[in-house]
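Novice:
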Amino acid sequence: MPSTKNLLAELNRLVENNSDSLAIVFEGRDSAGKSGTIKMLTKYLPPHLFSIEQSKKPSKRAMKNWFGYWNKRLPKPGQVRFFDRSWYSRALVQRVNAWCSEKQAQNFLANVSDWESQSGTRVIKFYLSISKAEQQARLNERKKSPLVYWKFSANDKLALDSFDRMTLAKEEAIGSDWLVIDYNDKRAGRKILLERLIQELRK
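Each residue of the sequence shown is one higher than the last, beginning at 1 in the numbering used here.
Pasting the structure below:
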């Protein structure tokens with residue numbers, strides 16, 4: 001089996017030879033490991049070839065024109081953009097927390113496939129899957145850590161209460177075109193994800 005170092009070197013080569021508008025999407029529960037995984041994947045990539053779209057609260061204007069908002073954030077040909085949460089937040093965290101209406105969520109689900117296919121962007125989608133017990137342990141560790149305590153937010157407090165609702169939302173939003181990776185063991189999950197990403201980029 002190739003080492004993580006060798007896999008990252010192969011990722012470099014594939015990104016350097018990429019000519020697509022390429023979006024690599026990461027979704028998952030709070031504390032699943034999205035940000036850390038993106039940091040690992042991009043550590044050695046040439047900075048001019050990639051960018052990262054960080055998770056943030058959208059404006060009221062963005063909420064009203066959801067696909068238009070994301071159209072402006074898709075990468076150009078030859079560029080790779082990593083999405084730490086994405087347009088799918090409408091059908092996941094927004095829906096679960098009632099930040100959008102059910103009508104908005106259903107409209108998104110009905111139209112997202114067509115929007116992606118018409119965007120001209122190649123989209124590779126990962127969902128990082130963790131159990132409720134693992135999420136509880138990670139959130140407790142985050143809250144107590146002298147290094148990353150600042151990551152703990154009001155949303156984290158609600159995450160466990162909404163675990164089952166998120167599961168239902170995930171089952172509706174995450175289709176067969178997604179790569180679902182077991183992230184209960186974060187180290188093992190990262191290597192599996194890296195291997196799957198390379199397989200996708202070789203196609």
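Beta carbons: idealized from backbone N, C-alpha and C, even for Gly. Please read all numbers here as calculations on a predicted model, not as lab measurements.
In the DSSP output, what is E27 paired with across the bridge?
Specialist: Its beta-bridge partners are Y127.
Novice: Using the C-alpha atoms, what's the distance from K132 back to F163?
Specialist: Their Cα atoms are separated by approximately 7 Å.
Novice: Taking the alpha carbon of S3 as the point to measure from, which residue in L197, L201, E200, K191 has its own alpha carbon closest?
Specialist: Out of L197, L201, E200, K191, K191 has the C-alpha closest to the C-alpha of S3.
Novice: In whole angstroms, what is the alpha-carbon distance linking I124 and W66?
Specialist: Roughly 20 Å between the two C-alpha positions.
Novice: Tell me the DSSP secondary structure of S51 in three-state form.
Specialist: DSSP places S51 in strand when its eight states are reduced to three.
Novice: Near P77, which residues of its chain fall below 7 Å by C-beta distance, leaving aside the five closest residues on each side in sequence?
Specialist: For P77, where only same-chain residues beyond five positions count, the Cβ hits under 7 Å are S19, D20, S21.
Novice: Quick check: the region 33-43 against the region 86-101, are at least 3 beta-carbon pairs closer than 8 Å?
Specialist: The region 86-101 is not in contact with the region 33-43.
Novice: Quick check on this structure: which residue in E27, R196, D185 has the alpha carbon closest to the alpha carbon of Y127?
Specialist: Considering only alpha carbons, the answer is E27.
Novice: Taking S129 as the reference, give the member of R165, D185, P75 with the closest Cα.
Specialist: Comparing Cα positions, the closest option is D185.
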